[in-house]
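Presented below is the structure to which this report refers.
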Amino acid sequence: MTGFGAARDDTFHDSQGNDQNWGGAGADRFALDGTTGYDRIHGFEPGIDLVVLGEGLSATAVPVLDVAGDAVERIAGGNQLELIGIDSDLVGIDDFLFL
1 MTGFGAARDD TFHDSQGNDQ NWGGAGADRF ALDGTTGYDR IHGFEPGIDL
51 VVLGEGLSAT AVPVLDVAGD AVERIAGGNQ LELIGIDSDL VGIDDFLFL
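In full-length UniProt numbering, the protein residues as written are 1 to 99.
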């Protein structure tokens, strides 16, 4: 699935495959569960946007790595989330909401 944000606060919900979403202006939310596949988020703004992780996913389950200049989070079950163009040093626990 591919999603594009607008000039407001947007919420994106992942599918069970590999997704690409482009956040727009505003405080965007990218909602993921344990069946995300390999998702890529473009235009993520640390401190403004949020990655929302579904039930069963905890902060200890989300190590943030730096891969070729992009922050990559490994999520339970071998799933991954890549924040395109974002250095892993800029991503903190406050950028995640755990349900």
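Built from N, CA and C at the ideal position, the CB exists for glycine as well. Quick caveat, the model's predicted, so the values are computed rather than measured.
Beta-carbon proximity check, residue i vs residue j, cutoff 8 Å
{"i": "residue 97", "j": "residue 52", "result": "yes"}
{"i": "residue 54", "j": "residue 23", "result": "no"}
{"i": "residue 84", "j": "residue 41", "result": "yes"}
{"i": "residue 87", "j": "residue 71", "result": "yes"}
{"i": "residue 37", "j": "residue 20", "result": "no"}
{"i": "residue 28", "j": "residue 10", "result": "yes"}
{"i": "residue 18", "j": "residue 49", "result": "no"}
Simplified DSSP assignment, three categories, for residue i
{"i": "residue 84", "result": "strand"}
{"i": "residue 53", "result": "strand"}
{"i": "residue 97", "result": "strand"}
Strand pairing of residue i, partner residues [DSSP]
{"i": "residue 71", "result": "66, 83"}
{"i": "residue 8", "result": "Beta-bridge pairing links residue 8 to no other residue."}
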